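Engineer:
Protein chains in written order, with this note's numbering: chain A, 2 to 490; chain B, 73 to 587.
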């Protein structure tokens, strides 16, 4: 029956965002070959167009949710949520990149093509319902990100960043792959649902030790991607070295997608052995929060500071994972959305101020920004307050929801330690506020150009989003809650 | 929309209006800020006149869903406890704006925006009847105060601002755990419902759970009060803050802590509160005496007033944890008194700083010759602060001491030492600053009060006198609410309290729900 080998049209629609992204990326690559620098102004717009179309497609695909390609993909609410998230991240990054690329004289199509490919990979990751697809998505996303981290190839730190990211990243991917191989050998399947049913049934003799071992291997692989302690060592160097918009990208998009994979694998396939991996996640969450926050206290480079803060925030999401409940999953989803917004916003301000070749990236360079550019300072204040977790921002509500889930699952000590951690974190975010508002203007603040249109959007949209998530969280929360239920099937 | 919502919304509206005004038109910004603040004050008067003495529970209440899941309500209401604290906030905000009129000359727009945002947060804290909403306001009020201290403060302002923020943040992180825990057990944030569930026995905790929950709330409140030994942020914050910041901090923000103790700790965790009471009272008494002793040796006027706050707030905590009607009434009354008289002291010290540009006592002397009216106002405030009869603090201190004596006579004895000490340090301060020879620097700079400053001072003086002479205008709603809180705090108490000595001066008619 040859007809069955061809995917049905509904399946193609469920795969539409990825196809659009890939097509747009390919067009950009070809355009680069034909026109080169001459069209350099148009590439950004083209990439925005592709991302916007993919965003629409992601929403449209949710109109008829279901599996695609013999169940290898599952375009459900969960996938739709994360697709919209990672594509929106892509849009914001492109918006934040215009000025940066012009300043560095590096407006090429390949930059945008790589972002599109990376986003496409992330979309595959969040839709994948099966370990091989997860792996393929992860690789598409990662390889593009490795290149992006070293995009300014004449810059020493860019090279260092890319090399570190690549070497450690490949190493971690190997762990993941090894784990996949083991689990396939043990259960005879790579489908998450099939693995789950094998692990849940009592009559099949699967060695618990070996299952635990392979779960641990996969935990290492994904833990690296989300920069969870103790696999976080790479993050500060990579974030500091990479071009600033790419640091923003790495801390939001790939991280969110990796967490989506985390949730899918551990809440679906490994749900039956939950009590086994919970202590692991518990410990990793605590370590991430503590290491991230305490290391950030002493940083003077703002990109490094945000990198450590991103480790800490990964810890908060792991708290939600440790809760092992639908509320926890929904909380993690909500938090990732809030975190993506506030972190991109903060990095976008850094990109705005840093100047050519990252001249101004120390915390002190933000001195007096509030006098020179009150709007920029106010927007950064919103993001920082959200990162601290002050009410009426998305960051607060996300944190609240995470710890609510944790307490429901009786993780009292983890919650107490986590919230005390967030008080520690307040200190280093406040340092930025202090220099911005309470010091005399520095060279950087004086030299800063006015905000460009692209950057204004890249700042105002996340700020509005942060307030929206903080004041009217219900819509997103309900959607996340609904999708978290679907995940269990 | 009830009047209470209007009172709450007005400062927020003012905040937005000020934000939209152009940065250059500073005079317009000042006028807009004071107009909004005055309108808010007038509206809040309506709350006092409209508060019915017959109705039970919170009034002017509004309850609409804000976030659907988890269900969080915009649920506000007011009773005798919150009423006067709201009015205290709306009363002091215009005064703070008046005294900042000339002294704040940089970033005027932000300053007034933050003042109004602060007022919004403070009112919100005192009217919330939803635990989540309460937490939101609790944290929101932190941000403007942080900026007020950090931007417009004195030399060590940054250190003080960060310390203030972190102390409070650490405390409230624990409180958030407690709030979420209660929500997970009760299934609601609605405070009224939670109390009903406690009363009817639907919601109960084991002894250790209750103790931990109590501590999670108590520590957050104790930091804010501040209770010895958690007070170390206070002298820094007070000294470094600009005048308006010090006033709002001392007069209203510290009351958030004591308010929380009365509103949340006593009714929700009666057992744990009673078990901890002896320890807390000891800390409060240490605070009273220690604060007074440290105040005595301060060379800096603002620091002296700041430490006197530690001492005065010790009285409030003592009154609360005496678990007597008199003590509790006195504590609430003392919250207001301290707000008025210490607020006035900070205003006056601020006015002197504007003239002489120094806070060191040694830089002053003989001010009474140079500025007789200023000195008179200061003297009246000093006398109020040390608890002279006919002035406000006397009433509060008396009630607290009486209540403490009913609970345990020794507590009252030790606390009374604080009253004596307060007379020592305040009068000594007055003597050193206002009497003696007038140095050249003082005579040259110390001009007397102008119209604007009189406008700020007269309402404060009037309140000191009114609250000292005619307590009947203020005390009845407080007593009614405290009666209900004490009743609630006897529910589910495992070791039943001996027959309470309830307000002997209250007839059954005045307590409508007395059985």
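Note that CB positions come from ideal geometry on N, CA and C, so glycine has one too. Quick caveat: nothing in here was measured; it's all calculated off a predicted structure.
Could you tell me how far apart the beta carbons of residue 333(A) and residue 321(A) are, in whole angstroms, since I believe they sit closer than 8 Å?
Structural biologist: 4 Å
Engineer: Can you tell me the Cα-Cα spacing of residue 431(B) and residue 275(B), whole angstroms?
Structural biologist: 53 Å
Engineer: What residues match up with residue 278(B) in a beta bridge as DSSP calls it?
Structural biologist: According to DSSP, residue 278(B) bridges with nothing at all.
Engineer: Check whether the Cβ of residue 414(B) sits closer than 7 Å to any heavy atom of the ligand PLP, and report yes or no.
Structural biologist: The model on display carries no ligand, and the ligand PLP is accordingly not part of it.
Engineer: Less than 8 Å between C-beta atoms, sequence neighbours within five positions excluded: which residues of the same chain meet that for residue 480(A)?
Structural biologist: 78 and 82
Engineer: Please report the distance separating the alpha-carbon of residue 193(B) from that of residue 81(B).
Structural biologist: The alpha-carbon separation between residue 193(B) and residue 81(B) amounts to approximately 10 Å.
Engineer: Would you say residue 185(B) lies against chain A (beta-carbon separation less than 8 Å)?
Structural biologist: no
Engineer: Would you please verify whether the beta carbon of residue 409(A) is less than 8 Å from any beta carbon of chain B?
Structural biologist: yes
Engineer: Got a sec: is the Cβ-Cβ distance from residue 1(A) to anything in chain B below 8 Å?
Structural biologist: The requested residue 1(A) does not occur in the structure, where chain A is confined to residues 2 to 490.
Engineer: Is DSSP giving residue 68(A) helix, strand or coil here?
Structural biologist: Three-state DSSP puts residue 68(A) in a strand.
Engineer: For residue 129(B), which of helix, strand or coil comes out of DSSP?
Structural biologist: Coil, per DSSP.
Engineer: By DSSP, does residue 462(B) sit in helix, in strand, or in coil?
Structural biologist: coil
Engineer: With three or more C-beta pairs closer than 8 Å as the rule, is the stretch 246-258 of chain A touching the stretch 82-92 of chain A?
Structural biologist: yes
Engineer: Please state the DSSP three-state secondary structure of residue 147(B).
Structural biologist: strand
Engineer: If you measure between the beta carbons of residue 249(A) and residue 349(A), is that distance less than 8 Å?
Structural biologist: In contact: residue 249(A) and residue 349(A) (Cβ atoms closer than 8 Å).
Engineer: Just the C-alpha distance for residue 150(A) and residue 399(A), rounded to the nearest angstrom, thanks.
Structural biologist: 29 Å
Engineer: From what residue to what residue does the beta strand (DSSP E) around residue 76(A) run?
Structural biologist: 74-76
Engineer: Taking any Cβ of chain B, which residues in the stretch 408-428 of chain A have a Cβ under 8 Å from it, in chain order?
Structural biologist: 408, 409, 413, 416, 417, 420, 421, 423, 424, 427 and 428
Engineer: Would you say residue 354(A) and residue 427(A) are within 8 Å of each other, going by their C-beta atoms?
Structural biologist: Taking 8 Å as the Cβ cut-off, residue 354(A) and residue 427(A) do not qualify as a contacting pair.
Engineer: Closest Cβ-Cβ distance between residue 347(A) and chain B: below 8 Å?
Structural biologist: no
Engineer: Within its chain, find whatever has a CB closer than 7 Å to the CB of residue 111(B); leave out the 5 residues flanking it on each side and keep chain order.
Structural biologist: Close CB contacts of residue 111(B) within its chain, under the 7 Å cut and outside five residues either way in sequence, are with 82 (chain order).
Engineer: Identify the contact partners of residue 431(A) in chain B, using a Cβ-Cβ distance below 7 Å as the criterion.
Structural biologist: 234 and 237
Engineer: Check whether the Cβ of residue 438(A) lies closer than 8 Å to any Cβ atom in chain B.
Structural biologist: yes
Engineer: Between residue 333(B) and residue 392(B), which are expected to be in contact by the criterion C-beta below 8 Å, what is the C-beta distance as a whole number of angstroms?
Structural biologist: 5 Å
Engineer: Determine the burial state of residue 283(A): buried for a count of at least 16 other Cβ atoms within 10 Å of its Cβ, exposed for fewer.
Structural biologist: When all chains shown are included, residue 283(A) counts as buried.
Engineer: Buried or exposed for residue 277(B), going by 16 or more other Cβ atoms inside 10 Å?
Structural biologist: buried
Engineer: Kindly list, in the order they appear in chain B, the residues whose Cβ is closer than 8 Å to that of residue 391(A).
Structural biologist: 211, 212, 214 and 215
Engineer: Is there a Cβ of chain B sitting closer than 8 Å to that of residue 479(A), yes or no?
Structural biologist: yes
Engineer: Specify the secondary structure class of residue 377(A) as computed by DSSP and reduced to three states.
Structural biologist: helix
Engineer: Please name the residue or residues paired with residue 182(B) in a DSSP beta bridge.
Structural biologist: BP columns for residue 182(B) are empty, so no partner.
Engineer: Just how far apart, CA to CA, sit residue 161(B) and residue 265(A)?
Structural biologist: Roughly 51 Å separates the two Cα atoms.
Engineer: Using 8 Å as the cut-off, can you tell me whether the stretch 171-189 of chain B makes contact with the stretch 205-224 of chain B, which would need three or more C-beta pairs spanning the two stretches below that distance?
Structural biologist: yes
Engineer: Can you give me the start and stop residues for the alpha helix (DSSP H) that residue 496(B) sits inside?
Structural biologist: 481-506
Engineer: So, is residue 445(B) buried or exposed, given that buried needs 16 or more other C-beta atoms within 10 angstroms?
Structural biologist: So residue 445(B) ends up on the exposed side.
Engineer: Identify each residue in the stretch 361-392 of chain A for which the Cβ-Cβ distance to at least one residue of chain B is less than 7 Å, and report them in chain order.
Structural biologist: 386, 391 and 392
Engineer: Counting only Cβ pairs nearer than 9 Å, list the residues of chain B close to residue 482(A).
Structural biologist: 141
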